[in-house]
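Asks: Okay, here's the structure, questions in a sec.
Numbering (our numbering), first residue to last: 323 to 459.
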């Protein structure tokens with residue numbers, strides 16, 4: 323399984339991680355795009371209040387409005403309790419992308435797929451590709 327985050331959503335995630343807001347509260351939202359074979363293509367992110375993300379009606383409304391599939395959730399510096407809140411049927415086979423900003427110089431990215439096998443598990447994703455802007459020299 324591979325996650326490919328296109329340039330624009332990666333820039334948005336990076337800017338959110340650098341905004342300083344994540345130090346005061348958990349910033350979360352949806353990852354939107356397409357799933358093709360063994361790859362998730364993240365084409366867009368939408369930031370929403372943490373409390374609304376797990377409401378099924380809100381989930382369906384966002385998918386319909388954005389005309390893209392919700393591939394998962396992103397959170398900046400999520401607590402373990404907030405992460406486990408997404409272990410529910412609505413997010414089965416979805417991505418949980420966490421961005422860590424503890425080191426001021428870099429943003430660390432980790433991804434897991436939320437799966438169910440008699441209990442919910444967070445299965446680590448080994449390959450995350452970030453589409454970066456090419457250096458123009």
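Built from N, CA and C at the ideal position, the CB exists for glycine as well.
Just so it is clear, the structure is predicted and the values come from calculations on it, not from any experiment.
Please state whether DSSP places residue 413 in a helix, a strand or coil.
Replies: Position 91 of the chain shown, counted from the start, is the residue given in the question as residue 413. If DSSP states are grouped into helix, strand and coil, residue 413 belongs with the helices.
Asks: Measure the C-alpha to C-alpha separation of residue 391 and residue 338 and round it to an integer number of angstroms.
Replies: Taking the chain shown and counting its residues from 1, one reaches residue 391 at position 69. Taking the chain shown and counting its residues from 1, one reaches residue 338 at position 16. Approximately 22 Å between the Cα atoms of the pair.
Asks: Among 352, 341, 401 and 333, which one has its Cα closest to the Cα of residue 387?
Replies: Position 65 of the chain shown, counted from the start, is the residue given in the question as residue 387. Cα-wise, what sits closest to residue 387 is 352.
Asks: Between the beta-carbon of residue 394 and the beta-carbon of residue 363, is there less than 8 Å?
Replies: Taking the chain shown and counting its residues from 1, one reaches residue 394 at position 72. Taking the chain shown and counting its residues from 1, one reaches residue 363 at position 41. Against a cut-off of 8 Å, the Cβ pair of residue 363 and residue 394 comes out as no contact.
Asks: For residue 361 and residue 451, I'd like the C-alpha separation in whole angstroms.
Replies: The residue given as residue 361 occupies position 39 in the chain shown. The residue given as residue 451 occupies position 129 in the chain shown. Distance between the alpha carbons of residue 361 and residue 451 is about 10 Å.
Asks: Between residue 424 and residue 446, what straight-line distance do the alpha-carbon atoms span, to the nearest angstrom?
Replies: Position 102 of the chain shown holds residue 424. Position 124 of the chain shown holds residue 446. C-alpha separation (whole angstroms): 20 Å.
Asks: Applying the criterion that 16 or more other CB atoms from any shown protein chain within 10 Å of the CB defines a buried residue, is residue 449 buried or exposed?
Replies: To locate residue 449, count along the chain shown from 1; it is residue 127. Flag for residue 449 reads exposed.
Asks: Note down, one range per segment and in chain order, each alpha helix (DSSP H) of at least 4 residues found wholly within the region 346-378.
Replies: 372-375
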